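These notes concern the structure reproduced below.
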């Protein structure tokens with residue numbers, strides 16, 4: 010994974026895991042690799058992965074079975090909530106960026122419509 014400087018690494022990893030869950034690359038109730046295995050695979054400090062696992066559990070994205078491991082939530086509702094939250098973040102960032110460039114809402118809507126029309130042709 011290529012990390013950027015826009016957000017802390019642990020948040021980027023959390024978002025990667027959440028996105029994989031939303032996209033079905035990871036199944037509800039599936040056991041995750043250990044934090045140590047994740048750290049090795051992503052080439053990050055093991056403490057970073059411990060923080061990722063703690064935060065995901067705090068948010069209800071994962072749960073731990075003592076002595077067994079960490080598992081993805083079994084709640085489809087939680088996954089839908091995560092999906093909406095991530096979509097809202099994307100939209101908020103888009104709007105803020107466009108406003109910084111001087112676009113108004115009508116300009117943004119026209120730009121989005123134009124892009125959607127191009128995507129529909131492809």
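In the working numbering, the protein residues as written are 10 to 131. From the three backbone atoms N, C-alpha and C, an ideal C-beta is built for every residue, glycine too. All of these numbers come straight from a predicted model, not from anything done at the bench.
Could you tell me which of the options sits nearest to residue i, measuring between CA atoms?
| i | options | result |
| --- | --- | --- |
| residue 57 | 18, 83 and 106 | 18 |
| residue 86 | 70, 78 and 97 | 70 |
| residue 46 | 16, 78 and 65 | 78 |
| residue 29 | 127, 118 and 89 | 89 |
| residue 74 | 125, 110, 98 and 43 | 43 |
| residue 15 | 35, 122, 124 and 102 | 102 |
Which stretch, first to last residue, makes up the alpha helix (DSSP H) that contains residue i?
| i | result |
| --- | --- |
| residue 74 | Taken as a continuous stretch (DSSP letters only), residue 74 belongs to no alpha helix (DSSP H), being part of the beta strand (DSSP E) at 71-74. |
| residue 13 | Per DSSP, residue 13 belongs to no alpha helix (DSSP H) and is neither H nor E. |
| residue 102 | 85-109 |
| residue 114 | 114-130 |
| residue 59 | 55-67 |
Going along the chain, which residues of its own chain have a beta-carbon closer than 6 Å to the beta-carbon of residue i, five neighbours each way excluded?
| i | result |
| --- | --- |
| residue 22 | 61 |
| residue 48 | 55 and 58 |
| residue 12 | 18 and 21 |
Determine the contact status of residue i and residue j, defining contact as a CB-CB distance below 8 Å.
| i | j | result |
| --- | --- | --- |
| residue 40 | residue 80 | yes |
| residue 68 | residue 37 | no |
| residue 27 | residue 95 | yes |
| residue 10 | residue 32 | no |
Run through the DSSP bridge pairs and tell me what residue i is partnered with.
| i | result |
| --- | --- |
| residue 80 | 40 and 72 |
Going along the chain, which residues of its own chain have a beta-carbon closer than 8 Å to the beta-carbon of residue i, five neighbours each way excluded?
| i | result |
| --- | --- |
| residue 112 | 120 |
| residue 64 | 19 and 23 |
| residue 66 | 72, 73 and 79 |
| residue 51 | 10, 22 and 58 |
Output yes if chain D places a C-beta closer than 8 Å to the C-beta of residue i; else output no.
| i | result |
| --- | --- |
| residue 40 | This model lacks chain D altogether; it includes just one protein chain. |
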